[in-house]
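Those sequence lines, one after another, are chains A and B.
So the numbering used here is basically just the index in the first sequence, starting at one, shifted up by 129.
So the numbering used here is basically just the index in the second sequence, starting at one, shifted up by 3.
Where a beta carbon is used, it is the ideal one built from N, C-alpha and C, also for glycine.
Only a predicted model underlies this, so the values are computations on that prediction, with no experimental measurement involved.
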Amino acid sequence: EAGVVQSPRYKIIEKKQPVAFWCNPISGHNTLYWYLQNLGQGPELLIRYENEEAVDDSQLPKDRFSAERLKGVDSTLKIQPAELGDSAVYLCASSRGGLDGNEQFFGPGTRLTVL
Amino acid sequence: QKEVEQNSGPLSVPEGAIASLNCTYSDRGSQSFFWYRQYSGKSPELIMSIYSNGDKEDGRFTAQLNKASQYVSLLIRDSQPSDSATYLCAVRASWGKFQFGAGTQVVVTP
Chain A
130 EAGVVQSPRY
140 KIIEKKQPVA
150 FWCNPISGHN
160 TLYWYLQNLG
170 QGPELLIRYE
180 NEEAVDDSQL
190 PKDRFSAERL
200 KGVDSTLKIQ
210 PAELGDSAVY
220 LCASSRGGLD
230 GNEQFFGPGT
240 RLTVL
Chain B
4 QKEVEQNSGP
14 LSVPEGAIAS
24 LNCTYSDRGS
34 QSFFWYRQYS
44 GKSPELIMSI
54 YSNGDKEDGR
64 FTAQLNKASQ
74 YVSLLIRDSQ
84 PSDSATYLCA
94 VRASWGKFQF
104 GAGTQVVVTP
């Protein structure tokens with residue numbers, strides 16, 4: 130079974146530039162998560178999708194961050210414009226969903242550096 | 004107060020010994036608990052999930068849950084140098100949100 134796929138793995142941009150991250154979850158996983166992880170910290174949830182619906186985006190900075198999950202499969206996270214403080218690892222995870230499908234599996238992450 | 008708390012470490016463990024990691028959480032209604040291992044520069048990898056009070060064993064790993072005390076722990080028996088990593092505790096709160104602790108760094112010394 131293929132794992133969660135993310136691209137790109139690394140991205141270096143200048144501040145004020147836009148950037149986008151892509152995630153393909155494990156086949157059959159209805160729930161998709163985007164996390165941000167800073168060095169020495171645990172992952173922090175940005176947004177959670179149940180199929181196409183964003184059910185928890187309370188921690189997503191909506192002035193500059195946006196996300197979409199068209200057709201309930203792949204997802205894209207965008208930052209526009211990027212700020213220096215956005216430098217971090219962006220992780221995508223997926224789970225089967227439902228009451229018994231809480232186990233999350235992470236992709237390799239995208240390491241973003243904003244100069 | 005953080006919703007999920009772990010000692011940051013580092014926890015130094017001699018090879019072959021037992022590593023004991025602790026995690027406390029604030030939401031009394033939480034039902035799902037997870038331990039992840041994260042090697043430096045890598046993404047978190049699921050080790051164990053536990054949903055009921057008591058112990059759950061999987062190989063050299065044992066997860067222990069005490070909902071009354073809002074406490075979950077992970078024991079690593081016969082610690083190996085390959086167990087050197089950061090261990091993240093994750094809790095699914097009663098309203099569905101996942102919270103991660105900051106992680107405990109474990110260093111297994113030969």
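Give the range of the beta strand (DSSP E) segment to which residue i is assigned.
{"i": "residue 140 of chain A", "result": "139-142"}
{"i": "residue 68 of chain B", "result": "64-69"}
{"i": "residue 207 of chain A", "result": "204-208"}
{"i": "residue 179 of chain A", "result": "173-179"}
{"i": "residue 212 of chain A", "result": "Careful: residue 212 of chain A lies outside any beta strand (DSSP E) and carries neither H nor E."}
{"i": "residue 185 of chain A", "result": "182-185"}
{"i": "residue 102 of chain B", "result": "101-103"}
{"i": "residue 149 of chain A", "result": "148-153"}
{"i": "residue 9 of chain B", "result": "7-9"}
{"i": "residue 78 of chain B", "result": "74-79"}
{"i": "residue 98 of chain B", "result": "No beta strand (DSSP E) holds residue 98 of chain B; DSSP gives it neither H nor E."}
{"i": "residue 135 of chain A", "result": "134-136"}
{"i": "residue 240 of chain A", "result": "239-243"}
Is it buried or exposed for residue i, if we count other Cβ within 10 angstroms and need 16 for buried?
{"i": "residue 21 of chain B", "result": "exposed"}
{"i": "residue 162 of chain A", "result": "buried"}
{"i": "residue 87 of chain B", "result": "buried"}
{"i": "residue 189 of chain A", "result": "buried"}
{"i": "residue 174 of chain A", "result": "buried"}
{"i": "residue 38 of chain B", "result": "buried"}
{"i": "residue 112 of chain B", "result": "exposed"}
{"i": "residue 71 of chain B", "result": "exposed"}
{"i": "residue 85 of chain B", "result": "exposed"}
{"i": "residue 108 of chain B", "result": "buried"}
{"i": "residue 184 of chain A", "result": "exposed"}
{"i": "residue 214 of chain A", "result": "exposed"}
{"i": "residue 9 of chain B", "result": "buried"}
Interface residues of chain B around residue i at Cβ under 7 Å?
{"i": "residue 235 of chain A", "result": "46 and 47"}
{"i": "residue 238 of chain A", "result": "46"}
Quick one: Cα of residue i to Cα of residue j, how far?
{"i": "residue 66 of chain B", "j": "residue 43 of chain B", "result": "23 Å"}
{"i": "residue 58 of chain B", "j": "residue 103 of chain B", "result": "21 Å"}
{"i": "residue 24 of chain B", "j": "residue 155 of chain A", "result": "30 Å"}
{"i": "residue 158 of chain A", "j": "residue 49 of chain B", "result": "16 Å"}
{"i": "residue 53 of chain B", "j": "residue 211 of chain A", "result": "38 Å"}
{"i": "residue 7 of chain B", "j": "residue 69 of chain B", "result": "14 Å"}
{"i": "residue 216 of chain A", "j": "residue 148 of chain A", "result": "11 Å"}
{"i": "residue 206 of chain A", "j": "residue 19 of chain B", "result": "43 Å"}
{"i": "residue 132 of chain A", "j": "residue 200 of chain A", "result": "19 Å"}
{"i": "residue 62 of chain B", "j": "residue 45 of chain B", "result": "23 Å"}
{"i": "residue 89 of chain B", "j": "residue 209 of chain A", "result": "32 Å"}
{"i": "residue 194 of chain A", "j": "residue 135 of chain A", "result": "18 Å"}
{"i": "residue 166 of chain A", "j": "residue 81 of chain B", "result": "30 Å"}
{"i": "residue 180 of chain A", "j": "residue 223 of chain A", "result": "11 Å"}
{"i": "residue 169 of chain A", "j": "residue 41 of chain B", "result": "11 Å"}
{"i": "residue 32 of chain B", "j": "residue 99 of chain B", "result": "10 Å"}
{"i": "residue 91 of chain B", "j": "residue 221 of chain A", "result": "16 Å"}
{"i": "residue 143 of chain A", "j": "residue 56 of chain B", "result": "49 Å"}
Counting only Cβ pairs nearer than 7 Å, list the residues of chain A close to residue i.
{"i": "residue 100 of chain B", "result": "174 and 185"}
Name, please, each residue of chain A whose Cβ falls closer than 8 Å to the Cβ of residue i.
{"i": "residue 87 of chain B", "result": "Within 8 Å Cβ-Cβ: nothing; residue 87 of chain B doesn't reach chain A, min ~16 Å."}
{"i": "residue 105 of chain B", "result": "169, 170 and 171"}
{"i": "residue 91 of chain B", "result": "171 and 172"}
List the residues of chain A whose Cβ lies closer than 9 Å to the Cβ of residue i, in chain order.
{"i": "residue 37 of chain B", "result": "231, 232 and 233"}
{"i": "residue 95 of chain B", "result": "231"}
{"i": "residue 52 of chain B", "result": "231 and 232"}
For a contact defined as C-beta to C-beta under 9 Å, what are the partners of residue i on chain B?
{"i": "residue 220 of chain A", "result": "46 and 47"}
Query - Length at least 3, wholly inside the stretch 11-64 of chain B: the beta strand (DSSP E) runs in chain order - result: Segments of the beta strand (DSSP E) lying fully in the stretch 11-64 of chain B: 14-17, 22-28, 35-41, 48-53 and 57-61.
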